[in-house]
Amino acid sequence: MQSPAWTADVGMTEDEVGLLTRLVRLNMVVTQVLDQLVGVHGSSVADFLVLATVRRGISSPAELCEVLGRTTGGMSLTIDRLVGDGLVQRRPDPVDRRRIVVELTEAGRQQAEAVNRALHDWEAGMDLGEATRTRIETHIDEVTQLVTRHRP
0 MQSPAWTADV GMTEDEVGLL TRLVRLNMVV TQVLDQLVGV HGSSVADFLV LATVRRGISS
60 PAELCEVLGR TTGGMSLTID RLVGDGLVQR RPDPVDRRRI VVELTEAGRQ QAEAVNRALH
120 DWEAGMDLGE ATRTRIETHI DEVTQLVTRH RP
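If you count the sequence shown from 1, position 31 lands on 30 in numbering that gives the first Met the number 0, and the numbers rise without skipping.
Now the structure itself:
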């Protein structure tokens with residue numbers, strides 16, 4: 000397989016470009032795109048992921064940590080910031096009042112929906128055919144499973 004054009008830009012030879020290098024490069028590019036698309040809405044990717052996850056119905060801070068792979072300390076800081084920005088609120092859990100749940104405010108719901116639309120619009124702008132999209136999605140899922148199974 001021939002090395003992609005970007006390898007010369009970063010001073011790498013064909014022999015140095017393997018799966019991990021490609022994954023790191025993809026992560027860098029996707030991170031830049033996400034930062035730009037989410038940043039326009041005054042948010043960070045980490046904040047948006049919390050808003051989007053709460054929007055889908057997960058409201059316990061512990062569940063948010065598990066789903067998003069975050070520490071409890073990091074999640075507390077994120078939730079504090081989102082509360083301060085008026086995007087979420089903490090409430091006692093109606094089932095177990097010893098616990099709290101995180102709920103979107105109207106502003107948080109609007110921001111999550113606006114960012115979600117922007118992400119879908121960007122993706123649609125790639126103008127991939129259905130077969131190409133499905134093939135890429137399948138390969139990404141396979142790589143994700145592979146990396147997940149072989150964590151250090």
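Idealized CB from N, CA, C, for every residue including glycine.
Residues bridged to residue i (per DSSP)
i	result
residue 35	Partner(s): none; residue 35 has no beta bridge.
residue 103	87
Chain-order list of residues whose beta-carbon lies under 6 Å from that of residue i (same chain, five-residue window excluded)
i	result
residue 6	16
residue 69	none
residue 33	44
Burial state of residue i (16 or more Cβ within 10 Å)
i	result
residue 74	buried
residue 77	buried
residue 60	buried
residue 28	exposed
residue 35	exposed
residue 46	buried
residue 50	buried
residue 106	exposed
residue 25	exposed
residue 87	buried
residue 23	exposed
residue 18	exposed
residue 111	buried
residue 81	buried
Same chain only: Cβ atoms within 7 Å of residue i, ignoring 5 sequence neighbours per side
i	result
residue 90	99, 100, 102
Test: residue i CB closer than 8 Å to a CB of chain B
i	result
residue 90	Within the model displayed, chain B is absent; a lone protein chain is all it includes.
Boundaries of the alpha helix (DSSP H) in which residue i is found, first to last residue
i	result
residue 135	129-148
residue 46	44-54
residue 60	60-67
Same chain, Cβ closer than 8 Å to residue i, neighbours up to 5 away in sequence not counted
i	result
residue 39	117
residue 10	none
residue 127	135
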